[in-house]
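As structure tokens, the structure follows; a few thoughts come after it.
Number of protein chains: 2
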Amino acid sequence: MTSSDTPSYHMTPDQFRRYGRAVVDWIADYMERVESYPVLSQVQPGQIRAGLPAQPPAQGEPFEAILADLEPLIMPGITHWQSPNFFAFFPANASGPAILGDLLSSGLGVQGMLWATSPACTELETHVLDWLVDMLGLPEKFKSTTAGGGVIQDTASSATLTALLAGRERATGWQSNERGADGRLVAYTSTQAHSSVEKAAKIAGLGRQNLRLIEVDERFAMRPEALAQQIEADRRAGLVPCFVCATVGTTSSNAMDPLRPIGEVCQTEGVWLHVDAAMSGTAALCPEFRWIHDGVELADSYAFNPHKWMFTNFDCDCFWVADRAALIRTLSILPEYLRNQATESGAVFDYRDWHIPLGRRFRALKLWFVIRHYGVEGLRYHVRRHVELAQQFAAWVQADPRFELAAPAPLNLVCFRLRAGDEANRRLMDRLNRSGHLYLTHTVLDGKVTLRLCVGQTHTEARHVEAAWRRICEAAEAVVGEQ
Amino acid sequence: MTSSDTPSYHMTPDQFRRYGRAVVDWIADYMERVESYPVLSQVQPGQIRAGLPAQPPAQGEPFEAILADLEPLIMPGITHWQSPNFFAFFPANASGPAILGDLLSSGLGVQGMLWATSPACTELETHVLDWLVDMLGLPEKFKSTTAGGGVIQDTASSATLTALLAGRERATGWQSNERGADGRLVAYTSTQAHSSVEKAAKIAGLGRQNLRLIEVDERFAMRPEALAQQIEADRRAGLVPCFVCATVGTTSSNAMDPLRPIGEVCQTEGVWLHVDAAMSGTAALCPEFRWIHDGVELADSYAFNPHKWMFTNFDCDCFWVADRAALIRTLSILPEYLRNQATESGAVFDYRDWHIPLGRRFRALKLWFVIRHYGVEGLRYHVRRHVELAQQFAAWVQADPRFELAAPAPLNLVCFRLRAGDEANRRLMDRLNRSGHLYLTHTVLDGKVTLRLCVGQTHTEARHVEAAWRRICEAAEAVVGEQ
Chain A
46 MTSSDTPSYH MTPDQFRRYG RAVVDWIADY MERVESYPVL SQVQPGQIRA GLPAQPPAQG
106 EPFEAILADL EPLIMPGITH WQSPNFFAFF PANASGPAIL GDLLSSGLGV QGMLWATSPA
166 CTELETHVLD WLVDMLGLPE KFKSTTAGGG VIQDTASSAT LTALLAGRER ATGWQSNERG
226 ADGRLVAYTS TQAHSSVEKA AKIAGLGRQN LRLIEVDERF AMRPEALAQQ IEADRRAGLV
286 PCFVCATVGT TSSNAMDPLR PIGEVCQTEG VWLHVDAAMS GTAALCPEFR WIHDGVELAD
346 SYAFNPHKWM FTNFDCDCFW VADRAALIRT LSILPEYLRN QATESGAVFD YRDWHIPLGR
406 RFRALKLWFV IRHYGVEGLR YHVRRHVELA QQFAAWVQAD PRFELAAPAP LNLVCFRLRA
466 GDEANRRLMD RLNRSGHLYL THTVLDGKVT LRLCVGQTHT EARHVEAAWR RICEAAEAVV
526 GEQ
Chain B
46 MTSSDTPSYH MTPDQFRRYG RAVVDWIADY MERVESYPVL SQVQPGQIRA GLPAQPPAQG
106 EPFEAILADL EPLIMPGITH WQSPNFFAFF PANASGPAIL GDLLSSGLGV QGMLWATSPA
166 CTELETHVLD WLVDMLGLPE KFKSTTAGGG VIQDTASSAT LTALLAGRER ATGWQSNERG
226 ADGRLVAYTS TQAHSSVEKA AKIAGLGRQN LRLIEVDERF AMRPEALAQQ IEADRRAGLV
286 PCFVCATVGT TSSNAMDPLR PIGEVCQTEG VWLHVDAAMS GTAALCPEFR WIHDGVELAD
346 SYAFNPHKWM FTNFDCDCFW VADRAALIRT LSILPEYLRN QATESGAVFD YRDWHIPLGR
406 RFRALKLWFV IRHYGVEGLR YHVRRHVELA QQFAAWVQAD PRFELAAPAP LNLVCFRLRA
466 GDEANRRLMD RLNRSGHLYL THTVLDGKVT LRLCVGQTHT EARHVEAAWR RICEAAEAVV
526 GEQ
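First to last, the protein sequences are chains A and B. Numbering-wise, the first sequence is residues 46 to 528 according to the numbering used here. Numbering-wise, the second sequence is residues 46 to 528 according to the numbering used here.
Right, dumping it as structure tokens:
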């Protein structure tokens, strides 16, 4: 029996060339027309499913038919994160070199759970994460050439969980892994920290009640003295402080927790300090913004997301630890079927022991492509532009008596609101998002509904921010007029 | 200031067209020449890093230069999971339609944490996972149209952890999330289960000592009566059984835990039953292999990986629960900045509450492309071929007096060994893997080193399995001759 005698349903390399070009052209067209779509999808719940056949196809379909279905069946249900008019949440930006690096990762199809299962997948990742330590001005102790090292995780949520687990184990002499967590373990973060810290405390068996939400100052930054007092009180109560998560750029308002005094508390207390710089870490590419990291040398671990603001498509979170042995001891598992000579030699990293999943794709390729395509200079240029545009927007808000800034705007996120109250702000946001011209989201600061405008999409330029402000002003007029 | 006045380091849509075609062609060339590479990378530790510049580039580089570096700098460090001569571990196969669906996901660049952040990302996923319930003959209770539903996770490791967390919460009245896990929670799996179950027990705060490894029968399948006895003993000791993980196709030997009697124990005891069918679940596309799922209607959750054997590139694990409310209650977090009308209406799924990370890419696209490209018929055809080839290989082993089968070979994994002992088998494997002609890995069964040959790579045909057997026989001759 030879292959020519048998049917094959596979796409041949030549078909892949043809259809691959069609998909590349489709994406290029999308890049050119992305501004023509409403940014926030306007469909109703169930509308996309209603367009899909109830049963899977018994026979295969031509690729042309599948591709042709994208526009009518899928595109109405897309919220356009790659629109330059996307100002919501934090960005998840992307770029040509990232997409193509990721395409090569899919094409090579390697699974890098062990060094041996593709040494390049491990070594390029280690190498590029060492590069990034220098690019962001992070401490040498995070480099793989010291006792530390970096690894790509899917998201900052997973990085926070991973760090919490290492902190939990270190605080209990690696006994929680053996005997289970107990109700005495306590973790700390600010009231403004990301919801993933609470999720991690639940997952890791600490419990929500054992996550202390430390109060913040008028800039929404954690108060280090409150942290110190709480840790002391918990120790007096016989509890075991194990983990502090400080945030460089909170999701609500881009508040910057003061790393140095927090780090000093953690050093004194011997508590693991993790720094979550998911979006704002990218700013440290530019020396003038490195003040956000002041004191980071006191941290045990640090994470930022190139998939937010560094032109690298999702998913790509970079996570470093100062003591990789502690991390590996926390997560290591070695069943017989994964044993191999390279691992036993101790000369290699097996990244399966650096995160929650076992398997992993070759995500370093897209990061390598982005850094090489832009160069440090190109990345800095665009980060500076985004900050400049956000600062311009903040100035317009401040100069307009109908509005107020709701928080300091240190970088590329502006929190603002109409002085006319919560209901007016809610209606303003809904009107803007329904228009499809732009997309922004809200938070609550000081008990008041607050709009957030974050400048970080790859192709956002001055004209988009100018148009956003014009539309916000027009909509504000309508909303306040209705009252 | 307009965009034309300012420099841009971005790749333009026209450049993306040009470079995108170059990358597509590169991958098509790779598909054509993949058999010319040694399957297992032959580099030494540090060799790939040594070829990379110590510093990141200050200025951007031409895309042609980046792409040209792949062959000399990266390819020597690739272990070729997409080679038809890859028989190691379990496969991580891929296909043209999957790669192109994933490319579109990168190009659209949506982040589907909430329904609203791209309704199509959520609804296509829900829909395709409902399709798969029918395609695999799984129980209706896993469909989103009932109280259940499916979600794509990155890996089976994460699916197991997610299921364990839901079981933990259900067993403690959702109090572990509040007050922390305690040392009384107990989980169960077989001695042959995947290492991810132990990893999950550690992460979730149960502790390794509270994971009971239930003994197996002569086919390496969990003994349900031993499970029942252990649960009873633990209850008598005042412990809280919360989770059982049964495996459909263990990693070591493809053993099939008997789901029906295990499920009956779990129902009686009110313990969450998760079924890990990471590789073998795909076989259930074919009605004649659905016996592997007998009793799955007694499970609370179930997972299999299209990224192993269903031609969908990594990562793509499909995970279903019968009671989605229990899962959501376990993982839900709702900070103000994620609140939105669609969520509050209760009419939509927000998949952020169905897994560990918050963010997620549009992975359903690649799965949709694979199912539509192959049709159920095409998928079945290739699964049957793989099983047939593995069975042929098993027959050759059985007919050769130098070798023995080390375990039943129910599907596409054959566990075999030389009768000449552990050292001979180790040398046989090393010789084969060093040759570059094929790649297979080992396990230990009944205390003996055992080789594993798994047929599941997309393009593995009869000629590859025939050549593998021929090479194994030649190498065996050399190895035994050396003794």
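Just so you know, even glycine gets a beta-carbon here, dropped at the ideal spot from N, CA and C. Since this is a predicted model, take the numbers as computed values, not measurements.
For this session: Closer than 8 Å by C-beta to Glu-342 of chain A: which residues in its own chain qualify, once you throw out the five before and the five after it? Chain order, please.
Result: Pro-184, Lys-186, Gly-308
Exercise. Of the choices B:Pro-453, B:Leu-485, B:Leu-330, B:Asp-445, whose alpha-carbon is the least far from that of Gly-420 of chain B?
Worked result: B:Leu-330
Exercise. Span of the alpha helix (DSSP H) holding Asp-175 of chain A?
Worked result: 164–180
Problem set entry | Nearest neighbour of Gly-423 of chain B, chosen from B:Leu-485, B:Pro-142, B:Gly-340 [CA to CA] | B:Pro-142
For this session: Out of A:Ile-378, A:Val-500, A:Lys-493, A:Ala-137, point me to the one whose CA is closest to Glu-223 of chain A's CA.
Result: A:Ile-378
Problem set entry | Sequence-distant residues of its chain with Cβ nearer than 6 Å to Arg-408 of chain A (five each side left out) | Ile-197, Cys-361
For this session: Rounded to whole angstroms, what's the CA-CA distance from Glu-270 of chain A to Gly-340 of chain A? Just pull it up for me.
Result: 16 Å
Exercise. Are the Cβ atoms of Asp-321 of chain A and Thr-357 of chain A separated by less than 8 Å?
Worked result: no
For this session: Enumerate in chain order the residues of its own chain whose CB-to-CB distance from His-487 of chain B is below 8 Å, with the five nearest sequence positions on each side excluded.
Result: Asn-470, Arg-471, Met-474, Val-494, Thr-495, Leu-496, Arg-497
For this session: Ignoring anything shorter than 3 residues or poking outside the region 194–262 of chain B, list the beta strand (DSSP E) runs there in chain order.
Result: 194–198, 230–235, 256–259
For this session: Could you tell me whether the region 382–399 of chain B touches the region 143–161 of chain B, using the rule of 3 or more Cβ pairs below 8 Å?
Result: yes
Problem set entry | beta strand (DSSP E) runs contained entirely in the region 252–312 of chain B, provided each spans 3 or more residues | 256–259, 285–292
Exercise. So, is the C-beta of Asn-255 of chain A closer than 8 Å to a C-beta in chain B?
Worked result: yes
Problem set entry | Chain-ordered chain B contacts of Tyr-419 of chain A [CB-CB under 7 Å] | Tyr-54, Gly-105
For this session: Measure how close the beta-carbons of Gly-195 of chain A and Asp-179 of chain A come, nearest whole angstrom, since I'm counting them as under 8 Å.
Result: Between Asp-179 of chain A and Gly-195 of chain A the Cβ distance is about 12 Å, and since that is not below 8 Å, they are no contact.
For this session: Could you check if Pro-117 of chain B is buried or exposed, using at least 16 other CB atoms within 10 Å of its CB as the buried criterion?
Result: exposed
Problem set entry | Ala-246 of chain B versus Ser-240 of chain B: straight-line alpha-carbon distance, rounded | 10 Å
Exercise. Would DSSP call Glu-106 of chain A helix, strand or coil?
Worked result: coil
Problem set entry | Neighbourhood of Ala-204 of chain B by C-beta, 7 Å cutoff - its chain only, sequence neighbours within 5 removed | Gln-198, Ala-348, Asp-362, Phe-364
Exercise. Thinking C-beta only, is Arg-447 of chain B closer than 8 Å to Leu-463 of chain B?
Worked result: yes
Problem set entry | Rounded Cβ spacing between Leu-490 of chain B and Ala-520 of chain B (contact assumed at less than 8 Å) | At roughly 21 Å, the Cβ-Cβ gap does not stay under 8 Å, so Leu-490 of chain B and Ala-520 of chain B are not in contact.
For this session: Go through its chain and collect everything with a Cβ distance to Met-46 of chain A's Cβ below 8 Å, but skip five positions before and after it.
Result: Residue confidence for Met-46 of chain A is low, a pLDDT of 36 falling below 50, so the modelled location carries little weight; the figure read from the coordinates is stated next. No residues qualify anywhere along the chain.
For this session: Return helix, strand or coil for Lys-353 of chain B, following the three-state DSSP convention.
Result: helix
Problem set entry | Interface partners of Ala-226 of chain B on chain A, CB under 7 Å | Gly-225, Ala-226, Gly-250
Exercise. If you draw a straight line from the alpha carbon of Tyr-396 of chain B to that of Arg-384 of chain B, how long is it in whole angstroms?
Worked result: 14 Å
Exercise. My guess is that Arg-335 of chain A and Gln-156 of chain A are in contact by the Cβ rule of under 8 Å, so how many angstroms apart are they, rounded?
Worked result: That belief does not hold up - the Cβ atoms of Arg-335 of chain A and Gln-156 of chain A are roughly 36 Å apart, past 8 Å.
Exercise. Is Pro-107 of chain A buried or exposed, if buried means 16 or more other CB atoms sit within 10 Å of its CB?
Worked result: exposed
Problem set entry | Among B:Cys-518, B:Glu-527, B:Pro-402, the one whose alpha carbon lies nearest that of Ser-202 of chain A | B:Pro-402
Problem set entry | Boundaries (first-last residue) of the alpha helix (DSSP H) holding Trp-514 of chain B | 507–527
For this session: Closer than 9 Å by beta-carbon distance: list the chain A residues that pair up with Gly-315 of chain B, in chain order.
Result: Here the premise fails: no neighbours, minimum Cβ distance about 21 Å.
Exercise. Rounded to whole angstroms, how far is the Cβ of Thr-505 of chain A from the Cβ of Ser-140 of chain A, which I believe are closer than 8 Å?
Worked result: That pair is no contact at about 13 Å.
Problem set entry | Nearest-angstrom Cβ-Cβ length linking His-418 of chain B and Ile-119 of chain A, presumed shorter than 8 Å | Contact doesn't hold; Cβ gap of about 16 Å is too wide.
For this session: Anything in chain A within Cβ reach of Lys-247 of chain B, meaning under 7 Å, just list it in chain order.
Result: Asn-222
Exercise. If Pro-58 of chain A and Glu-77 of chain B are in contact, beta carbons under 8 Å, what's the gap, nearest whole angstrom?
Worked result: 5 Å
For this session: Determine the DSSP secondary structure at Tyr-347 of chain B, reduced to helix, strand or coil.
Result: strand
Problem set entry | Reduced DSSP secondary structure (H/G/I, E/B, other) of Leu-37 of chain A | Lying before the first or after the last residue shown, residue 37 of chain A is absent from chain A, which here runs from 46 to 528.
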